[in-house]
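2 protein chains.
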Amino acid sequence: MGATIKDIAELAGVSPATVSRVLSGQSDFYSEKTARRVHRAAKKLGYQKNTSAVELVTKTSKTIAVIVSSTQTNFADQIIDGIQEQAMQKDLNVIILYAGEKNAKLQKRALETVIERSVLGILLVAIDLDPSNDNLLRSANIPFLFLSICFRNHRFPFISSDDFKIGYQATTYLIEKGHVKIGFAAADLESFTGQLRLAGYRRAMDEYQLPTSPDWVSDGDFAYEDGVLAMKQYGEETQLTAVIASSDLAAIGILNQAQAFNVKVPNDLSVVSIDGTYLCNIVRPRITSVTQSFREMGIKGMQTLLGGKLDQFDLLYTGIGITERESAKSHG
Amino acid sequence: MGATIKDIAELAGVSPATVSRVLSGQSDFYSEKTARRVHRAAKKLGYQKNTSAVELVTKTSKTIAVIVSSTQTNFADQIIDGIQEQAMQKDLNVIILYAGEKNAKLQKRALETVIERSVLGILLVAIDLDPSNDNLLRSANIPFLFLSICFRNHRFPFISSDDFKIGYQATTYLIEKGHVKIGFAAADLESFTGQLRLAGYRRAMDEYQLPTSPDWVSDGDFAYEDGVLAMKQYGEETQLTAVIASSDLAAIGILNQAQAFNVKVPNDLSVVSIDGTYLCNIVRPRITSVTQSFREMGIKGMQTLLGGKLDQFDLLYTGIGITERESAKSHG
DNA sequence: TATATTTCCACAAACGTTTGTGTTGGTGAT
DNA sequence: ATCACCAACACAAACGTTTGTGGAAATATA
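Protein chains in written order, with numbering that gives the first Met the number 0: chain A, 0 to 331; chain B, 0 to 331.
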């Protein structure tokens, strides 16, 4: 089974201490010759370092933990991609844990697993942490950072898109295309994210002095079904000429239900979605979106997590931008 | 920072040994009264167990590792879901690692990270392990099992769908609908999976004494783009009346390119995909698929991984079945 | 040659648990 | 009163590393 540093020491005729230093590449502690002997012995024995022992004594680990919510939202992949890239560069390992969606217990479990392992840092992707777990996270004394979610009142440091701006930008885009009656669909209005986007939408409508109706905003949970529900709520004969979907998946729901209603997108109805993942490109018509920089979010996440100074850090917005595709066109 | 078992011992006025036994719930070693005192002290100090220390002495961990390839295939989610369910039941933790796609280095790195941590078991999801890593995996003496991939010559134990059967079943389904000229698109013909499916396709065609043409099978990598490429290869005026796509995403590529060619699915061309993820339901027309039981794969994976006897275990196929949706219809 | 410096290495403590083995005091049987 | 026994706990070793310190040999300095 596992060969230890002692076995290597014996085989190479040196002390365990020397083996340790050779294997972790601390120069100025051994000669070239012994280094070679040690390496040869290690290879011969198929040595694998025992991370538990290392972490026990060094009290730090080279792995950072990513906790994601198990939604079917697919942008997490992009964020993780960015994280991995940075981890690679910095020779760090990343482990990923699923916490359920709004499941306090699962969140706690995931949190405990990584805290017990005393990881280098924790990145929480799209996790709406249950308040009962705030303390657990805080008292662990491990750097952490939320990604792709916003908090009020400096509750936690985070990196996200500016959700207000997202709502605002989507709306003004549509307004400037001549739309007047614009729906806002399928966002979770209990979430801060949903509220910010809605606020952005309202601000834009206000600024252009466009009246709105409560019927135009539909509650939901960013899911596909919420998109079809929203469209059903608007109805076959809707007065809306455009609608903003809270996610790509929700937009697809709207598209499909619109088609079922025989309302043509984009001719009868313009749709712009929020996120801009690959889904936008594989459906027809392709969906015009407010595209978020998820990969960048992952990269910046790693950078600020590792950069220290998280205490002074509060929040950072990554860029967004309209990606024009086919699902939205000018009106009137 | 971290309170240790010793701190608790001191506060509770007992020995560390007793604290350990209380906290890990070994009865018959302490009185109710001291147990209460220990628990109270632990809570008061915000104690978090040091997993490194535990694993160091016990030489086992309660976490199983899942290594996934970072494809944009979305079935991994379902498999992980099944895994998580079982882990929950058995009070195990699961950590997920990304290994790149056919990237020997990344595979090695992921493998090493989990081996060094001496996890309880390793589940490799859709990982086509580079032969250079075979030894690493084998010599670790950690139970492992591949999921959603097949191997020749008993190279590794795995649980997967029967890929030959998938190809066969997709083909006979189409044949019995009256199709004669059937394409086989976008599978990676260098992969064993691709070859098995192709063999199944050929067997079916043979059994029905249907001639085939090399032009009808297109190489690829299960990706969206491979679907559109395949369709381009078949051409606007294709003689094919049906095509089997190697994945849902590839099927969507075919759908879109077909639409671009103005060939109507399913009227002009029937499409059946392999996988049957949610993607099949959110595009129009909905895609008829050979649906795999990914969740079951995850569940069975955990069960056999934990069941021991992996040495006697060779392979296990999980169920498949046609899910009829809208993209395929009778011909002639 | 004598001393100082450097190079290379070994010794041993420490990290926070678990767990086998002692030890104590108390209870019941003889 | 003696013994055996049991409950309830403490002691200490062990797990595989890292790292501060000390020391011998080799080299440089005077």
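Every residue, glycine too, gets a C-beta built ideally from N, C-alpha and C.
These numbers come from a predicted model, not from an experiment.
Kindly indicate which residue of the options has the alpha-carbon position closest to the one of residue i.
i: V289 (chain B); options: B:V242, B:A8, B:F312, B:L122; result: B:V242
i: S160 (chain B); options: B:L22, B:A229, B:D274, B:N92; result: B:D274
i: V124 (chain A); options: A:A103, A:T276, A:Y207, A:L146; result: A:L146
i: N152 (chain A); options: A:Y233, A:Y29, A:D313, A:K328; result: A:D313
i: G320 (chain B); options: B:S117, B:E9, B:T170; result: B:T170
i: Q194 (chain A); options: A:G177, A:T112, A:S245, A:G234; result: A:S245
i: N92 (chain B); options: A:A229, A:Y97, A:K101; result: A:Y97
i: I148 (chain A); options: A:P15, A:F163, A:S138; result: A:F163
i: P213 (chain B); options: B:E236, B:F150, B:K180, B:P156; result: B:K180
i: R39 (chain B); options: B:D27, B:I4, B:T237, B:F260; result: B:I4
i: L309 (chain A); options: A:R154, A:G226, A:P265, A:L209; result: A:R154
i: K299 (chain B); options: B:P15, B:S14, B:P156, B:T112; result: B:P156
i: D76 (chain A); options: A:V37, A:E295, A:L228; result: A:E295
Enumerate in chain order the residues of its own chain whose CB-to-CB distance from residue i is below 7 Å, with the five nearest sequence positions on each side excluded.
i: S190 (chain A); result: D127
i: L268 (chain B); result: L239, T240, A241, V242, A257, V262
i: D6 (chain A); result: L44
i: L197 (chain B); result: G166, F183, A186, L188, V216
i: Q232 (chain B); result: S217
i: A139 (chain B); result: I114
i: A103 (chain A); result: D129, S131, N132
Could you check whether residue j and residue i sit closer than 8 Å to each other, using their CB atoms as the reference points?
i: L119 (chain A); j: I66 (chain A); result: no
i: L44 (chain A); j: I158 (chain A); result: no
i: A52 (chain A); j: L110 (chain B); result: no
i: G318 (chain A); j: I79 (chain A); result: no
i: L144 (chain B); j: L122 (chain B); result: yes
i: I281 (chain B); j: N255 (chain A); result: yes
i: G257 (chain A); j: I286 (chain A); result: Checking the sequence, you will find Ala at residue 257 (chain A) rather than Gly. Cβ atoms of A257 (chain A) and I286 (chain A): not closer than 8 Å.
i: T192 (chain A); j: R201 (chain A); result: no
i: L278 (chain B); j: L248 (chain B); result: yes
i: L22 (chain A); j: A8 (chain A); result: no
i: A327 (chain B); j: V270 (chain B); result: yes
i: Y46 (chain B); j: A2 (chain B); result: yes
i: G177 (chain B); j: S292 (chain B); result: no
i: S69 (chain A); j: E100 (chain A); result: yes
i: R35 (chain A); j: Y29 (chain A); result: no
i: T17 (chain B); j: T33 (chain B); result: yes
i: E235 (chain A); j: F260 (chain A); result: yes
i: P265 (chain A); j: E325 (chain A); result: yes
When you compare the CB of residue i with every CB in chain B, is at least one pair closer than 8 Å?
i: A52 (chain A); result: yes
i: L122 (chain A); result: no
i: G12 (chain A); result: no
i: G45 (chain A); result: yes
i: L55 (chain A); result: yes
i: L96 (chain A); result: yes
i: R283 (chain A); result: yes
i: N102 (chain A); result: no
i: N49 (chain A); result: yes
Short of 8 Å in beta carbon distance, which residues of its chain neighbour residue i, apart from the five on each side in sequence? Order them along the chain.
i: D90 (chain B); result: K61
i: C167 (chain B); result: Contrary to the premise, residue 167 (chain B) reads as Tyr rather than Cys in this sequence. Within the same chain, Y167 (chain B) has close Cβ partners G199, Y200, R202, A203.
i: T116 (chain B); result: In the sequence on display, residue 116 (chain B) carries Arg and not Thr. Cβ within range, chain order: E54, S60, T62, A64.
i: G307 (chain A); result: P142
Would residue i pass as an interface residue toward chain A - the criterion being a Cβ-Cβ separation below 8 Å?
i: E325 (chain B); result: no
i: Q106 (chain B); result: no
i: N92 (chain B); result: yes
i: T112 (chain B); result: yes
i: S138 (chain B); result: yes
i: K263 (chain B); result: no
i: K5 (chain B); result: no
i: I390 (chain B); result: This structure does not reach residue 390 (chain B), given that chain B is present from 0 up to 331, and the question cannot be answered.
i: K308 (chain B); result: no
i: Q168 (chain B); result: no
Looking only at its chain, what residues have a beta carbon closer than 6 Å to the beta carbon of residue i, apart from the 5 residues adjacent to it on each side?
i: N73 (chain A); result: T276
i: M301 (chain B); result: I82, Q85
i: M230 (chain A); result: I253, Q256, A257
i: I95 (chain B); result: V65
Below 8 Å, can you find three or more Cβ-Cβ pairs linking the segment 184-201 of chain A to the segment 217-224 of chain A?
Three or more beta-carbon pairs separated by less than 8 Å link the segment 184-201 of chain A to the segment 217-224 of chain A, which places the two stretches in contact.
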